[in-house]
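Numbering (my numbering), first residue to last: 1 to 722.
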C-alpha cells in the first residue's frame, strides 16, 4: 500500500511543479553562507510511517531523503538523535505529524539534530505534550550543526520549548514556520516556572563562550501564534536577523528577547496585541537595531532597540509590514502540497526597486558609490535614486533617522562614523535597502598597554593569565583623562587604571580600553584575560532517595540517580546483589533501583571515567534481616515498607502493616523539602496486623514522603496525592 501511495504522490508532485514554478522555494539568509545548500538533493526518498522506520531512516547515513507519512507517536524516552551526518532532507508529507506525549524530564522530546551539516527540514509538524517546566526536552533541538534550513514547519506545545538552537550551531535559516501552544501549561514542575510556554531559545547560557561568533540565524516570514508566552526568540551571543515575521499571541509577556552579547537586526515585522515586543533584558546585548516594524492593536511595553546591529552578508528583500500578515497566516506552517512544491506566498509576490547610491563630499560632484571617507568637520550628502515614486526611511549611528531621499551630515565627527541604511518603499509596497559607510579620518593617539598581575611589576603587554582568585591591573598610557572601558558581563569603567580582583572564570575574555583625545578622535586597545580553571569531573545527586539507605532484605530502595559532568562515563562498584545500576552515557545519568538480595553493610563507590581529574562519591547500603514492623503479606523475618493503598490517592488512603512484637509505631507525612506536614498515627500496637486510614484534608496535590518509625528502625517512602 505504501508503494501505491507514493507513485500516486509523484503524479501530483509533477503537476504541482508546473503550478508553482514561479516560486523557487530556495533557502535565504544565514543558511546559504559558505556552501550551496542542497540537503539530500535528488536522492530516492524513503517513505516512513512508523516510529521504528523513522528512527532507522534518520540514523542511517546512507538514506539521504526521508518522507514522513501519517501520524507517528514518539514513545516515552524515544526521542531520536539524528547526528554526525551531512546532506540530508526530511520532508513531512501532507497530514503527517510527530507527536510526543511524555511529560517527564528523561522521557520527553522528539528530535535532536546534532553535529550535522547541509540539512533541510520542511513541512514537518511537531506536537508536544504541553508546557511543563521539568528541565525536559524540546520538540526540535539543533545543536552544533551548520547550514540548516527549517522551512514551512509547525511547532506546538513543546514540553520545555518548541524549537531551540544551541551549542555552537551556526548558519541556520528558519522560514515560513509557525509556533504556538494549544494546550494549557502545567505548573508545579521542578524547574520552577508555572507557565513555561517559552518557544525558541538560541544559546543555552551566558557562560557558554564557545558560542561567540556562532549562532547566526535568520527568521523570515514566521508566525508566533496564540499561546506563545516568551522567547520569540530569546538570543545569546548570536547575530540573529528577524525580518518580516508576525507576532500576535495575547498570552505574551515578552516577544524578542536580547540576551547576553546578542546582536539583533529586527526589521519589517508586525506586532499585534502583544506585550514587550523587544525586551532588552539586562542590557548585556551587543546591539539591537529596530527599524520599519509595525506595532498595532493593544501592543504595549518595550519596543525600541539600542546600537547598530550587524549588516547581513546575504541578499534579501524586506516586504512592507503592512502587507505581510495575510500571506503569513495563509502560508506559514506545514502548508506545502508535496516535496519540491511551493506555497502561494513565495518571495515573488514582492518585486523591490533597485537603489542606485550617490554620495557628495564637501559640496563637490556626485559620485556613484556607497562609501565616504572624510576628515572630521566635513560635510557628507547622500542622494540615492530613484528620485520619485515611493518613500524613504533612514537609520544610522547614534539613533540617526530621516524620511527624505537626500540626507546631509554636517560637521562630521568621529562619533558619526558608521553605516547609514536607506530603505526605499516603492508604490507596490515592496522595500529595498542600501547601506552607506562613512569613515572619519581622525588623528588618534596611540595607546601603550601595561598590565600588572597579582601586585607584581608592570609589564608592557596586552594579555594576562591568572589562576582563579588572582588579580589584574590595567594601566594603559597616555596618562590623561578621556578613557572608557568595556568587557565581559557588562563590565565598564571610566578611569585609566582598572583593577580586577578575586578573578573567577566568568571574568575571562577581552577588555577594551578606548581613549578619546582632545580632538575627539578615538583609539582602542584590547586586553585579553585568561583564567586558569580546570573543569574537573563532578557528580550531582538527584531524586528523593538518599545515597545511603537502610532497608530490609528484599525491600526496594528509594530510587535515585546521579548526573556526571566533564567525564565520558562512570564506574560503580560495591553495590549488593539485587540493586540495579543503569548507566546512560547519552544523558550522562547513572540510576539506582531494585531490592537487595543479600544482607550486610555495603560501601559502594561511583567514579567518573575520562575526567581531568575524575570525581568519586561513596555511600552505604545497609541491608537488615529483621524488624518489628513488616508488610502485611511478609513473614515474621524482614522489614519492608507497609502496604499503602491506594497510592497515588485523591481523598483517603490506608496504611496496613504487621507488628511482630508489641511496640510503639509512628507514621508522619513530610514535604520533599523535609517540612513536617501531618501525623498519621503515634501509638503502641499489639503484635498482629493493623491498618490506619488517612484523609488528605487540605493537603495540596503533589509528592510527599511518609516516615514509619519503630524501635527497630525508620522507613521512608514516597506518597502521591492527586
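Backbone N, C-alpha and C fix where the C-beta goes; we use that ideal spot for every residue, glycine too.
Computed from a predicted model, the values in this text were never measured in an experiment.
Give every residue of the same chain whose Cβ lies closer than 7 Å to the Cβ of residue i, excluding the five residues on either side of it in the sequence, and list them in chain order.
i	result
residue 55	80
residue 304	278 and 290
residue 615	536, 537, 538, 539 and 608
residue 227	180, 181, 182, 197, 249 and 251
residue 168	144, 210, 211 and 214
Measure the C-alpha to C-alpha separation of residue i and residue j and round it to an integer number of angstroms.
i	j	result
residue 195	residue 301	20 Å
residue 132	residue 675	25 Å
residue 375	residue 445	16 Å
residue 548	residue 190	23 Å
residue 147	residue 239	15 Å
residue 326	residue 269	13 Å
residue 317	residue 174	15 Å
residue 214	residue 236	10 Å
residue 633	residue 546	No answer about residue 633 holds up, because its pLDDT of 38 lies below 50 and its placement is not dependable.
residue 682	residue 603	33 Å
residue 543	residue 560	5 Å
residue 532	residue 649	53 Å
residue 606	residue 336	52 Å
residue 720	residue 108	21 Å
residue 365	residue 266	35 Å
residue 273	residue 230	14 Å
residue 651	residue 696	6 Å
residue 222	residue 155	11 Å
residue 115	residue 94	28 Å
residue 565	residue 588	7 Å
residue 293	residue 219	15 Å
residue 656	residue 620	29 Å
residue 58	residue 165	19 Å
residue 140	residue 430	33 Å
residue 562	residue 586	13 Å
Between which two residues does the alpha helix (DSSP H) containing residue i stretch?
i	result
residue 53	51 to 59
residue 324	From DSSP, residue 324 is part of no alpha helix (DSSP H); its letter is neither H nor E.
Going by the C-beta, is residue i closer than 7 Å to any heavy atom of the ligand ZN?
i	result
residue 488	Ligands displayed in this structure: none; no statement on the ligand ZN is therefore possible.
How close, in whole Å, do the beta carbons of residue i and residue j come, if the pair is a contact with beta carbons under 8 Å?
i	j	result
residue 613	residue 536	6 Å
residue 609	residue 573	Going by Cβ atoms, the distance from residue 609 to residue 573 rounds to 12 Å, so no, they are not a contact pair.
residue 508	residue 530	6 Å
residue 462	residue 526	7 Å
residue 37	residue 149	6 Å
Using CA coordinates, which residue listed in the options is at the minimum distance from residue i?
i	options	result
residue 77	419, 592, 138 and 326	138
residue 393	513, 504, 408 and 423	423
residue 333	658, 311, 121 and 544	121
residue 642	69, 402 and 717	717
residue 330	319, 691, 344 and 340	344
residue 487	41, 261 and 119	261
residue 338	75, 91 and 43	91
residue 322	502, 428 and 124	428
residue 312	665, 171 and 188	171
residue 363	199, 408 and 401	408
residue 49	67, 62, 59 and 184	67
residue 580	563, 123, 596 and 216	596
Excluding five sequence neighbours on each side, which residues of the same chain lie with their C-beta closer than 6 Å to the C-beta of residue i?
i	result
residue 420	396 and 436
residue 622	550 and 601
residue 367	359
residue 714	none
residue 234	201, 257 and 259
residue 668	679 and 707
residue 383	358 and 406
residue 286	261 and 263
Locate the beta strand (DSSP E) running through residue i, then write down its first and last residues.
i	result
residue 360	359 to 361
residue 590	589 to 594
residue 571	569 to 573
residue 152	Segment: none, residue 152 is in no beta strand (DSSP E) and carries neither H nor E.
residue 584	579 to 584
residue 181	It is not in any beta strand (DSSP E) - residue 181 carries neither H nor E in the DSSP assignment.
residue 92	86 to 92
residue 722	Per DSSP, residue 722 belongs to no beta strand (DSSP E) and is neither H nor E.
residue 549	549 to 552
residue 556	Taken as a continuous stretch (DSSP letters only), residue 556 belongs to no beta strand (DSSP E), as it is neither H nor E.
Using a Cβ-Cβ cut-off of 8 Å (strictly less than) and excluding sequence neighbours within five positions of residue i, which residues of its own chain qualify?
i	result
residue 524	447, 512, 513, 514 and 515
residue 688	658 and 659
residue 412	374, 376, 377, 378, 379, 380, 438 and 440
residue 51	72, 73, 74, 75 and 78
Residue i CB to nearest chain D CB: under 8 Å?
i	result
residue 344	Absent from the structure is chain D; it holds one protein chain and no more.
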